Amino acid sequence: MNSPPTASARNRRLDALKPHHPSGFKPLAGLRVLSVALNLPGPAALARLHALGAEARKIEPPSGDPMRAMCPPLYRAMHRGVAVRTLDLKTPAGQDALQQELRDADLLLTSFRPAALQRLGLGKRRLRRDHPSLASVAIVGQTGRGANLPGHDLTYQAQAGLIDAARLPPTLLADMTGALLTVEAAMGALMQAAARRGGGTTSNASPVAPGVPGAHLQVALADAASFAALPHGAGLTLAGGLLGGALPGYAVHPCRDGLVALAALEPHFAAQLATVAGGPSHAAIARWCKAHTVAELRALALEHDLPLEAWGVGPSGNHVPARRRA
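In my numbering, each residue carries its 1-based index in the sequence shown increased by 57.
Here's what the structure looks like:
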């Protein structure tokens with residue numbers, strides 16, 4: 058089992074929420090995004106849209122977003138700069154207040170099943186009737202006949218063939234990939250609205266305009282998991298596949314005080330690794346790794362320009378994540 062990250066390591070990882078664009082790159086400045094999406098994919102998508110310049114608002118139920126209780130640091134990181142309002146959408150008063158919020162929104166993010174969206178007055182027909190210029194992206198579990206079936210990241214990864222034995226996956230791949238696909242859909246919807254309005258960009262101008270219908274799109278987490286699983290499904294990362302153990306230079310090996318991940322995929326990297334390791338075979342490379350410490354392997358990687366990452370093992374046997382090298 059992996060050891061919990063230290064506070065500093067956790068903060069470095071949470072920085073991954075911020076798109077690595079120039080600080081002045083705000084293509085969504087002037088646009089307003091309203092989200093009623095809870096848990097992980099919706100808030101992650103909202104955080105990315107906000108980082109791109111959009112004004113971000115979110116509606117939460119009286120009980121709050123479950124993520125706040127499950128992982129407070131992640132919740133805080135994803136809600137920096139987000140205006141959060143509490144509404145009980147199960148009541149007429151809460152639904153009326155939500156409709157008021159939608160009047161000046163450019164984009165709506167949801168994460169309810171289709172049947173729940175209808176009950177909340179957020180179905181496509183109602184939105185098109187009452188807010189014709191509003192665009193929306195609905196994050197759902199599945200499409201088609203399974204649209205109203207319950208599920209979460211783990212079940213969607215299992216459907217995509219990404220669960221190996223009885224181990225839990227190391228990250229929420231369907232949720233996080235789904236968040237990026239949600240941002241992609243949101244950008245497409247906003248660009249379409251801007252084009253129909255006659256402008257060439259979404260920057261510094263709201264696409265909300267009378268007579269310009271908004272797009273209503275869906276992002277299914279099951280599809281996101283399947284998208285992420287494409288290399289696996291094609292056999293590339295299956296056991297024995299080229300990136301599943303067949304190539305000696307693309308593997309994870311134990312070293313003297315930890316583990317080392319090698320990614321000598323291209324021929325020139327593979328040749329360089331073979332020269333440094335004393336041979337191109339699995340056995341030669343494994344012996345070379347086992348003979349060196351984490352620090353030595355990192356130094357050798359820099360000296361010989363090898364795609365390699367090594368990390369240590371803590372006193373209890375847990376793996377200590379490596380620091381990203383500049």
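Note that beta-carbon positions come from the ideal geometry of N, C-alpha and C, so glycine has one too.
Just so it is clear, the structure is predicted and the values come from calculations on it, not from any experiment.
Go ahead and pull the three-state DSSP assignment for Cys-346. Locating residue 346 in the sequence shown gives position 289, where the first residue counts as 1. Of the three classes helix, strand and coil, the one that applies to Cys-346 here is helix, per DSSP.
For a minimum of 3 consecutive residues, which ranges assigned as the beta strand (DSSP E) are wholly contained in the segment 112 to 148? When DSSP assignments are scanned along the segment 112 to 148, the uninterrupted stretches of beta strand (DSSP E) that are 3 or more residues long and fall wholly within it turn out to be 112 to 117, 140 to 143.
DSSP-derived helix/strand/coil call for Ser-283: Along the sequence shown, read from residue 1 onward, the residue named residue 283 stands at position 226. The three-state reading of DSSP puts Ser-283 in helix, counting H, G and I together.
Is Arg-225 near Ala-281, with beta carbons less than 8 Å apart? The count along the sequence shown starts at 1 and reaches residue 225 at position 168. The count along the sequence shown starts at 1 and reaches residue 281 at position 224. It is worth fixing the name first, because residue 225 is Leu in this sequence and not Arg. No; because the gap between Cβ atoms is not below 8 Å, this pair is not in contact.
Which parts of the segment 76 to 111 are runs of the beta strand (DSSP E), unbroken and 3 residues or longer, counting only runs that do not cross its ends? Scanning the segment 76 to 111 for uninterrupted beta strand (DSSP E) segments of 3 residues or longer gives 89 to 92, listed from N- to C-terminal end.
Looking only at its chain, what residues have a beta carbon closer than 8 Å to the beta carbon of Leu-146, apart from the 5 residues adjacent to it on each side? Within the sequence shown, the letter at position 89 stands for residue 146. Once the five neighbours on either side are set aside, the close Cβ partners of Leu-146 are Val-93, Ile-116, Pro-118, Gln-152, Leu-155, Leu-177.
Once DSSP output is grouped into helix, strand and coil, what is the label at Thr-228? Taking the sequence shown and counting its residues from 1, one reaches residue 228 at position 171. It is coil, neither helix nor strand.
Residues of its chain near His-339, where Cβ-Cβ distance is below 8 Å and the 5 sequence neighbours each way are ignored: Position 282 of the sequence shown holds residue 339. Here the set comprises Pro-305, Ala-308.
Identified DSSP bridge partners for Pro-311: Reading the sequence shown from its first residue, position 254 is the one you call residue 311. Partner(s): Leu-316.
Looking only at its own chain, which residues have a Cβ that is under 6 Å from the Cβ of Ala-327, when we skip the five neighbours before and after it? To locate residue 327, count along the sequence shown from 1; it is residue 270. By the criterion of a C-beta distance shorter than 6 Å, Ala-327 is surrounded in its chain by Gly-306, Ala-321, once the five residues flanking it on both sides are discounted.
Inter-stretch contact at 8 Å, needing at least 3 Cβ pairs: the segment 210 to 221 / the segment 172 to 186: Cβ pair count under 8 Å is below three, so no.
Quick one: grab the DSSP three-state call for Gly-151. Here the question's residue 151 lines up with position 94 in the sequence shown. Secondary structure of Gly-151 (DSSP, three-state): helix.
Just to confirm, is the Cβ distance from Leu-164 to Leu-88 under 8 Å? In the sequence shown, residue 164 corresponds to position 107, counting from 1. In the sequence shown, residue 88 corresponds to position 31, counting from 1. In terms of Cβ geometry, Leu-164 and Leu-88 form a close pair [threshold 8 Å].
Candidates His-361, Arg-355, Glu-360, Leu-359, of which the one nearest Ala-367 by Cα: Start at 1 with the first residue of the sequence shown, and residue 367 comes out as number 310. The alpha carbon of Ala-367 has as its nearest neighbour, out of His-361, Arg-355, Glu-360, Leu-359, the alpha carbon of Arg-355.
Return yes when the Cβ of Asp-232 is within less than 8 Å of the Cβ of Leu-278, no when it is not. To locate residue 278, count along the sequence shown from 1; it is residue 221. To locate residue 232, count along the sequence shown from 1; it is residue 175. A Cβ-Cβ contact shorter than 8 Å links Leu-278 with Asp-232.
Excluding the 5 residues flanking Ala-236 on each side, which residues of the same chain have their C-beta closer than 6 Å to its C-beta? For the purposes of this step, residue 236 is taken as residue 179 along the sequence shown, with counting starting at 1. Here the set comprises Pro-98, Ala-101, Ala-102.
Cross-strand partners of Val-197 (DSSP beta bridge): Within the sequence shown, residue 197 is the residue found at index 140, counting from 1. Answer by DSSP bridge pairing, in chain order: Ala-277.
Compute the distance between the beta-carbons of Glu-158 and Leu-85, then report whether it is under 8 Å. For this step, residue 158 is matched to residue 101 along the sequence shown. For this step, residue 85 is matched to residue 28 along the sequence shown. No. Outside cutoff.
Span of the alpha helix (DSSP H) around Leu-330: Taking the first residue of the sequence shown as 1, we reach residue 330 at position 273. First-last of the alpha helix (DSSP H) with Leu-330: 324 to 334.
Going by other Cβ atoms of all chains shown within 10 Å of its Cβ, with 16 needed for buried, is Asp-221 buried or exposed? Translated into the one-based positions of the sequence shown, residue 221 becomes position 164. Taking all protein chains in view, the Cβ of Asp-221 is surrounded by fewer than 16 other Cβ atoms within 10 Å, so the residue is classified as exposed.
Own chain residues within Cβ distance below 6 Å of His-310, not counting five before or after: By one-based count along the sequence shown, residue 310 stands at place 253. Contacts found: Val-317, Ala-343, Cys-346.
If I follow the unbroken alpha helix (DSSP H) through Thr-294, where does it start and stop? Sequence index remark: in the sequence shown, residue 294 carries index 237 (1-based). Careful: Thr-294 lies outside any alpha helix (DSSP H) and carries neither H nor E.
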